[in-house]
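Under UniProt numbering, read the sequence shown as residues 1 to 363, first letter to last.
Where a beta carbon is used, it is the ideal one built from N, C-alpha and C, also for glycine.
Written out below as structure tokens is the structure these notes cover.
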Amino acid sequence: MTAERTTAVRDTVLLDEYRSGEEADISAAALDLSNNALPFAPLPSVRTAIADEVEHAAAYPAAAYGDLRSAIAEFAGCTPDQVVVGPGSVGVLAYLLRWVAGHGGRVVYAVPAFDAYERVVLGAGGIAVPVIGTPNRWQPLTQMVAAAGDDAAAILICSPHNPTGEQVTPEEIEQVLARVPDHTVVVVDEAYIEFDRDNDRSAALRMAEEHPNLVVLRTFSKAYGLAGLRVGYAVGHGDLIGACRSMAMPFGVNRLAVAAAVASLGVVNELEAQIDSVIAVRTDFVAAIRGHGIDVPDSSGNFVWVPTPNPAALVAHLAESGIAVRCYPDAGVRITVPARGHLADVVDVLARGYRRVEALTCR
1 MTAERTTAVR DTVLLDEYRS GEEADISAAA LDLSNNALPF APLPSVRTAI
51 ADEVEHAAAY PAAAYGDLRS AIAEFAGCTP DQVVVGPGSV GVLAYLLRWV
101 AGHGGRVVYA VPAFDAYERV VLGAGGIAVP VIGTPNRWQP LTQMVAAAGD
151 DAAAILICSP HNPTGEQVTP EEIEQVLARV PDHTVVVVDE AYIEFDRDND
201 RSAALRMAEE HPNLVVLRTF SKAYGLAGLR VGYAVGHGDL IGACRSMAMP
251 FGVNRLAVAA AVASLGVVNE LEAQIDSVIA VRTDFVAAIR GHGIDVPDSS
301 GNFVWVPTPN PAALVAHLAE SGIAVRCYPD AGVRITVPAR GHLADVVDVL
351 ARGYRRVEAL TCR
């Protein structure tokens with residue numbers, strides 16, 4: 001590689017290495033509430049599917065992932081040609097953006113946001129166009145559409161919004177689709193959709209049948225409890241999804257992940273019971289936090305958003321008690337809904353820390 005080429009490559013490296021959870025090492029944390037992982041092990045039938053597949057670990061998975069795509073298609077009400085799978089929904093998003101934004105295409109999204117958005121946009125060769133949200137609307141769709149203009153490659157909508165838990169209704173998604181040109185791909189990231197009990201959770205999937213420029217992202221990492229296996233998918237128009245598959249890393253999803261995902265789709269009713277239990281704890285978590293005079297919004301995810309002008313100080317206080325949470329500078333702190341047995345302790349530590357931070361801020 002020439003010196004000129006080396007310099008050019010280095011000039012494109014704009015971001016620090018990605019870290020899940022806090023920038024600090026969370027290995028010493030007694031309770032990690034930073035990554036929105038479920039507090040459950042996989043269901044017995046899913047564990048059995050994983051164990052059975054270990055015998056075949058020396059063999060590559062099927063390159064087309066036919067069994068998994070067929071299972072997803074049956075679940076989503078589409079055809080396998082409308083499905084692409086990858087290493088988490090973030091991996092699938094990378095495939096999509098390489099295709100639609102890979103030569104300097106503009107990609108619009110709201111901030112604060114899932115940290116990987118900027119990284120994936122830049123990694124795909126696109127231009128990140130962040131739109132700053134406010135407590136009135138953390139994901140300001142009207143401003144996002146305006147920022148997209150007539151030439152954006154894509155607009156990313158997180159439904160429910162990560163990190164605030166703010167809802168996005170099917171009607172709002174329809175309004176965005178009506179206002180952007182057909183060549184702008186509208187990506188609806190539904191990583192947490194299973195925790196939204198107020199809206200039709202299959203609405204966006206049905207919209208994808210009617211809108212060739214709509215892609216719906218989903219993951220097995222959150223509600224399905226398979227974050228460590230890295231498997232997600234997208235549903236959309238066959239031509240666009242086929243192009244995404246052409247961008248995919250060969251064998252990007254391992255055999256164990258495929259087996260676990262297929263098995264999970266076969267026990268949706270059992271998984272729904274787990275999700276219901278998380279939602280019940282979320283309701284009590286929010287109520288308990290508000291009981292200490294802390295104004296937190298309703299959440300449609302498996303996490304709670306705590307707005308504060310000094311999130312770093314609140315994160316540090318929680319860390320002193322062995323609790324790791326997610327910091328969003330100048331905006332707030334995101335806390336995963338804990339297991340019920342930890343709820344009272346987490347609320348107590350949070351309330352004490354919040355009062356301390358408020359006192360420092362008022363000086």
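Nearest-angstrom beta carbon gap, residue j and residue i [assumed within contact, 8 angstroms]
i              : j             : result
proline 297    : valine 333    : About 13 angstroms; that fails the 8 angstroms criterion.
asparagine 254 : arginine 282  : Going by Cβ atoms, the distance from asparagine 254 to arginine 282 rounds to 31 angstroms, so no, they are not a contact pair.
arginine 201   : glutamate 194 : 7 angstroms
residue 364    : aspartate 189 : No information on residue 364 is available, as it lies outside the stretch 1 to 363 that the chain covers here.
residue 368    : valine 187    : In the structure as shown, the chain starts at 1 and stops at 363, and residue 368 therefore has no counterpart that could be examined.
alanine 30     : glycine 353   : The pair is not a contact, with the Cβ atoms about 15 angstroms apart (cut-off 8 angstroms).
threonine 219  : serine 300    : About 16 angstroms; that fails the 8 angstroms criterion.
Opposing strand residues paired with residue i [DSSP bridges]
i            : result
glycine 236  : Val215
tyrosine 109 : Pro130
leucine 31   : Ile323
Boundaries of the alpha helix (DSSP H) in which residue i is found, first to last residue
i             : result
aspartate 345 : 340-361
alanine 185   : Looking at the sequence provided, one finds valine at residue 185 rather than alanine. Note, valine 185: premise wrong, no alpha helix (DSSP H); beta strand (DSSP E) at 185-189.
glutamate 194 : Taken as a continuous stretch (DSSP letters only), glutamate 194 belongs to no alpha helix (DSSP H), as it is neither H nor E.
residue 371   : What is shown of the chain runs 1 to 363, which leaves residue 371 out entirely.
proline 44    : 44-54
valine 258    : 255-265
glycine 66    : 66-76
glycine 123   : 116-123
alanine 208   : 203-210
Below-8 angstroms beta-carbon distance, residue i vs any chain C residue
i             : result
aspartate 150 : Of the protein chains in this structure there is only one, and it is not chain C.
Distance cut-off 7 angstroms: residue i Cβ against heavy atoms of the ligand MG
i             : result
aspartate 198 : With respect to small molecules bound, the structure shown includes none, and the ligand MG cannot be examined in it.
Start-end ranges of the alpha helix (DSSP H) lying completely within the segment 80-107, minimum 4 residues
88-101
Measuring CB atoms only, is the segment 62-78 touching the segment 98-106, in the sense that at least three cross pairs come out at less than 8 angstroms?
no
Ignoring anything shorter than 3 residues or poking outside the segment 269-344, list the beta strand (DSSP E) runs there in chain order.
Every beta strand (DSSP E) stretch that sits fully inside the segment 269-344 and reaches 3 residues is listed by chain position as 303-307, 326-328, 332-336.
Alpha helix (DSSP H) segments (min. 4 residues) lying fully within the segment 128-169:
141-148
Count the CB pairs spanning the segment 235-245 and the segment 253-271 that are closer than 8 angstroms, and state whether there are at least three.
no
Looking at C-beta atoms only, is the number of pairs between the segment 260-279 and the segment 42-49 that lie closer than 8 angstroms three or more?
yes
Any contact between the segment 270-278 and the segment 135-147? By contact I mean 3 or more CB pairs, one from each, below 8 angstroms.
no
Could you say if the segment 240-248 and the segment 76-91 meet the contact criterion of at least three C-beta pairs nearer than 8 angstroms?
Three or more pairs of CB atoms, one per stretch, sit closer than 8 angstroms, so the segment 240-248 contacts the segment 76-91.
Looking at C-beta atoms only, is the number of pairs between the segment 286-296 and the segment 344-361 that lie closer than 8 angstroms three or more?
yes
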